[in-house]
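Peer 1: Dumping the structure here so I can ask a few things about it.
Encoded structure:
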């Protein structure tokens, strides 16, 4: 496997093509298969042990027991994805010039200028990996996972994210898109650890990781995202827009992408309000987090695995 990885030239550059999107479909089909396998052979046993103890006899057909196990498995799966996606995003972006200088989102190296920008193979992999996950997540949110009070926001988020990934891949926004992915996935790692700890009764660990999640979410999604990403798409992109060659298409793309990015920001602010409520509850309960205020809204229609 290691030899296979090194046999591929991940630094090779080429222009994006529509046919590349077949790999996005591959990952969208791959993720539910992988999750099913992990659920059955890893997460189920891990959930029973962490929640109920090593030698406990558990009635997994009981409603409350099944509910706790399903929630733990959801968080375990999301932790695996978000950790892998964040590590991949950082490995792809951290050594690129645009990771520290937003002007390189739109130009360079050499005389390359948006939208005619080449992509390294590793950047294409990141895009297909993330795009496949969020396409699968639409199905998972509708039919697989516990339905929470922010269900509609989750669906809008996944649809917006898939649209951004596909359109940005095709139309030359992949550099800035890779940083958006890096900003988003990091805080979710802390959130899923906090949830698993809460379900398992490790309140101190849950409190610590929820605090880390709140700090990461605020700094990455509420501060960095609008003042780094959206600032660049709004104010730096027009400087490289060729009004002779790309007048109509460029203007349309400018408004479409900024509208989608703004949609994500509105969702961030919606979830930030929820986080502030949880922080308030944590302070009132002397440092301990209470249940997720987004917790399941269904009564008897809980989704089964």
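Residue numbers (full-length UniProt numbering): 1 to 305. Just so you know, even glycine gets a beta-carbon here, dropped at the ideal spot from N, CA and C. Note that the structure is predicted; figures quoted are calculated from it, not measured.
Work out the CA separation of residue 222 and residue 11 for me, nearest whole Å.
Peer 2: Taking the chain shown and counting its residues from 1, the one referred to as residue 11 is at position 11. Taking the chain shown and counting its residues from 1, the one referred to as residue 222 is at position 222. Whole-angstrom Cα-Cα distance: 32 Å.
Peer 1: Under a three-way DSSP split, which group does residue 74 fall into?
Peer 2: In the chain shown, counting from the first residue as 1, residue 74 sits at position 74. Three-state result, residue 74: helix.
Peer 1: How would you write the range of the alpha helix (DSSP H) that residue 30 sits in, first residue to last?
Peer 2: Numbered from 1 along the chain shown, position 30 holds the residue referred to as residue 30. Note, residue 30: alpha helix (DSSP H), 22-38.
Peer 1: Below 8 Å on the Cβ atoms is my contact criterion, and I expect residue 256 with residue 114 to pass it. Report the Cβ-Cβ distance as a whole number of Å.
Peer 2: Position 256 of the chain shown, counted from the first residue, corresponds to residue 256. Position 114 of the chain shown, counted from the first residue, corresponds to residue 114. About 14 Å; that fails the 8 Å criterion.
Peer 1: Does the Cβ of residue 165 have 16 or more other Cβ atoms within 10 Å, making it buried, or fewer, making it exposed?
Peer 2: On the chain shown, residue 165 is found 165 positions in, with the first residue counted as 1. Counting Cβ neighbours within 10 Å, residue 165 comes out buried, since at least 16 surround it.
Peer 1: With distance defined between alpha-carbon atoms, name the residue in 87, 13 and 43 nearest to residue 185.
Peer 2: Stepping through the chain shown from its first residue, residue 185 is reached at position 185. Taking only the C-alpha atoms, the option nearest residue 185 is 87.
Peer 1: If you draw a straight line from the C-alpha of residue 110 to the C-alpha of residue 172, how long is it?
Peer 2: Locating residue 110 in the chain shown gives position 110, where the first residue counts as 1. Locating residue 172 in the chain shown gives position 172, where the first residue counts as 1. Taking the straight line joining both Cα atoms gives about 16 Å.
Peer 1: Taking 8 Å as the threshold, find out whether the segment 83-100 comes into contact with the segment 202-214 through three or more Cβ pairs.
Peer 2: No, because fewer than three Cβ pairs between the segment 83-100 and the segment 202-214 fall closer than 8 Å, the two stretches do not touch.
Peer 1: Does the separation of the CB atoms of residue 209 and residue 200 fall below 8 Å?
Peer 2: The residue labelled residue 209 in the question sits at position 209 within the chain shown. The residue labelled residue 200 in the question sits at position 200 within the chain shown. Their beta carbons are not under 8 Å apart, which means residue 209 does not touch residue 200 by this criterion.
Peer 1: Hey, could you find the ends of the alpha helix (DSSP H) residue 187 is sitting in?
Peer 2: For the purposes of this step, residue 187 is identified with residue 187 of the chain shown, where counting begins at 1. Residues 174-200.
Peer 1: Applying the criterion that 16 or more other CB atoms from any shown protein chain within 10 Å of the CB defines a buried residue, is residue 233 buried or exposed?
Peer 2: Counting from one through the chain shown, the residue named residue 233 turns up at place 233. Burial call: buried.
Peer 1: With distance defined between alpha-carbon atoms, name the residue in 251, 168, 151 and 129 nearest to residue 22.
Peer 2: Here residue 22 refers to the residue found at position 22 of the chain shown. The option with the nearest alpha carbon to residue 22 is 129.
Peer 1: Flag this pair as yes or no: are the beta carbons of residue 265 and residue 225 separated by less than 8 Å?
Peer 2: For the purposes of this step, residue 265 is taken as the residue at position 265 of the chain shown. For the purposes of this step, residue 225 is taken as the residue at position 225 of the chain shown. A contact, by the Cβ cut-off of 8 Å.
Peer 1: From residue 271 to residue 42, what does the alpha carbon distance come to, in whole angstroms?
Peer 2: Indexing the chain shown from 1 puts residue 271 at position 271. Indexing the chain shown from 1 puts residue 42 at position 42. Taking the straight line from one Cα to the other gives about 30 Å.
Peer 1: Would you kindly report the start and end of the unbroken alpha helix (DSSP H) that includes residue 207?
Peer 2: Position 207 of the chain shown holds residue 207. First-last of the alpha helix (DSSP H) with residue 207: 203-217.
Peer 1: Give the straight-line distance between the Cα atoms of residue 284 and residue 278, rounded to the nearest whole angstrom.
Peer 2: If you number the chain shown from 1, residue 284 lands on position 284. If you number the chain shown from 1, residue 278 lands on position 278. One C-alpha to the other measures close to 10 Å.
Peer 1: I need the DSSP call for residue 113, collapsed to helix, strand or coil.
Peer 2: Sequence index remark: in the chain shown, residue 113 carries index 113 (1-based). Correct three-state label for residue 113: strand.
Peer 1: Using the Cα positions of residue 106 and residue 182, report the straight-line distance between them to the nearest angstrom.
Peer 2: Residue numbering aside, residue 106 sits at position 106 when the chain shown is read from its first letter. Residue numbering aside, residue 182 sits at position 182 when the chain shown is read from its first letter. Going by the C-alpha atoms only, they are around 18 Å apart.
Peer 1: Grouping DSSP H, G and I as helix and E and B as strand, with all else coil, what is residue 148?
Peer 2: The count along the chain shown starts at 1 and reaches residue 148 at position 148. It is a strand residue.
Peer 1: What are the partner residues of residue 120, as DSSP defines its beta bridges?
Peer 2: Residue 120 sits at position 120 when you count from the first residue of the chain shown. 13, per the DSSP bridge assignment.
Peer 1: Are at least three pairs of beta-carbons, each pair with one atom in the segment 17-33 and one in the segment 121-136, less than 8 Å apart?
Peer 2: Contact holds: three or more Cβ-Cβ distances are below 8 Å.
Peer 1: Could you pull out every residue in the same chain whose Cβ sits closer than 7 Å to the Cβ of residue 92, ignoring the five residues on either side in sequence?
Peer 2: Within the chain shown, residue 92 is the residue found at index 92, counting from 1. 122, 123, 126 and 178, listed in sequence order.
Peer 1: If we ignore side chains and look at the alpha-carbon of each, how far apart do residue 281 and residue 112 end up?
Peer 2: On the chain shown, residue 281 is found 281 positions in, with the first residue counted as 1. On the chain shown, residue 112 is found 112 positions in, with the first residue counted as 1. Straight-line Cα distance between these residues: approximately 51 Å.
Peer 1: Can you check whether the CB of residue 73 is closer than 8 Å to the CB of residue 47?
Peer 2: Taking the chain shown and counting its residues from 1, one reaches residue 47 at position 47. Taking the chain shown and counting its residues from 1, one reaches residue 73 at position 73. Against a cut-off of 8 Å, the Cβ pair of residue 73 and residue 47 comes out as a contact.
Peer 1: Check this for me: beta carbons of residue 32 and residue 170, under 8 Å apart or not?
Peer 2: As a working mapping, residue 32 is identified with position 32 in the chain shown. As a working mapping, residue 170 is identified with position 170 in the chain shown. Contact flag unset, no.
Peer 1: To which residues does DSSP link residue 107 through a beta bridge?
Peer 2: Position 107 of the chain shown, counting from 1, holds the residue named residue 107. BP columns for residue 107 point to 113.
Peer 1: For residue 82 versus residue 192, is the C-beta distance shorter than 8 Å?
Peer 2: Your numbering for residue 82 matches position 82 in the chain shown. Your numbering for residue 192 matches position 192 in the chain shown. Taking 8 Å as the Cβ cut-off, residue 82 and residue 192 qualify as a contacting pair.
Peer 1: Using CA coordinates, which residue listed in 71, 248, 253 and 245 is at the minimum distance from residue 237?
Peer 2: Numbered from 1 along the chain shown, position 237 holds the residue referred to as residue 237. Ranking 71, 248, 253 and 245 by Cα distance to residue 237 puts 253 first.
Peer 1: Do the CB positions of residue 214 and residue 275 come within less than 8 Å of each other?
Peer 2: To locate residue 214, count along the chain shown from 1; it is residue 214. To locate residue 275, count along the chain shown from 1; it is residue 275. Yes, the pair counts as a contact, with Cβ atoms nearer than the cut-off.
Peer 1: Taking the alpha-carbon of residue 20 as reference, which of 152, 102, 261 and 119 has the nearest alpha-carbon?
Peer 2: As a working mapping, residue 20 is identified with position 20 in the chain shown. Comparing Cα positions, the closest option is 119.
Peer 1: Mapping DSSP to helix, strand and coil, what is residue 53?
Peer 2: As a working mapping, residue 53 is identified with position 53 in the chain shown. Three-state DSSP puts residue 53 in coil, outside helix and strand.
Peer 1: Please report the straight-line C-alpha distance between residue 248 and residue 117, rounded to a whole angstrom.
Peer 2: Looking up residue 248 in the chain shown gives position 248. Looking up residue 117 in the chain shown gives position 117. Rounded to whole angstroms, residue 248 to residue 117 spans 19 Å at the Cα level.
Peer 1: Compute the minimum distance between the beta carbon of residue 71 and the heavy atoms of the ligand ATP, and state whether it is under 7 Å.
Peer 2: The ligand ATP is absent from the structure shown, which contains no ligand whatsoever.
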